[in-house]
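All remarks here apply to the structure that follows.
Numbering (the working numbering), first residue to last: 10 to 253.
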């Protein structure tokens, strides 16, 4: 009685399927999550309710799962709600076909539509931010705080500024220091050390050698980015060509 009460009142849905995908059991929470009555789902193939673009993925998962006793899977699947909308479900399944008393594919699922919406919004915001950063006339960069020679990110404008692709600059940990003009080297390194110790913004004008050998006057402006605990994790800043 206790287990039945847990299943009937649980926030997640529980479903049992035959090897072919026929629904043999749905917990009452399915009506709240999916909108259908139990009678509308029992005896139907689960593929009837799956969003078209996800059907092939689900079918292959079932075929793989039924071949391996006790095998498990986890998927994020789009499901056709009774009201006509499409919802996202996080589904965890296991092969219990050889388990006496169960003899089915057992799945536990929950509605993650809201979470997926947030994820999509974050992705869209990241695309917009990346586009903005890549179109700026200055080079935008992010360096690891305790290892400033390790560039975490640098924008594509680096190719225009100094002739290096972002990949080359990020892979070459000593490029920045070795590119400093000899007359500026001591002054820039001293300022770099000072700001790393004090945490104050790094603002300085100096020369860097272009890949083709000529020097470019740079204005660099960088500040420290901290995490939620107040620990310094990155230097984030810009490099602007002020040669003219």
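The beta carbon of each residue, even a glycine, is placed where N, CA and C say it ideally should be.
For the beta strand (DSSP E) assignment, the uninterrupted runs of no fewer than 3 residues enclosed by the region 73–145 are, from N- to C-terminal side, 81–89, 95–105, 113–120.
Shortest Cα-Cα distance from residue 34 to any of 113, 100, 62, 12 involves 113. Per DSSP, residue 214 is not a residue of any alpha helix (DSSP H); the beta strand (DSSP E) it occupies stretches across 211–218. Counting only residues of its own chain and dropping the five nearest sequence neighbours on each side, residue 190 has a CB closer than 6 Å to the CB of 216, 224. For residue 24, the secondary structure class from DSSP, reduced to helix, strand or coil, is strand. With a 10 Å radius around the Cβ and a threshold of 16 neighbouring Cβ atoms, residue 39 comes out buried. Within its own chain, the residues whose Cβ lies closer than 7 Å to the Cβ of residue 165, once the five positions on either side in sequence are excluded, are 143, 175, listed in chain order. Per DSSP, the beta-bridge partners of residue 151 are 162, 245. With respect to the C-alpha of residue 30, the residue from 13, 103, 148 having the closest C-alpha is 103. Between the region 131–142 and the region 47–54, the count of Cβ pairs shorter than 8 Å is below three; the stretches do not touch.
Here residue 218 has 188, 224 as same chain residues with Cβ atoms under 6 Å from its own Cβ, once five neighbours each way along the sequence are excluded.
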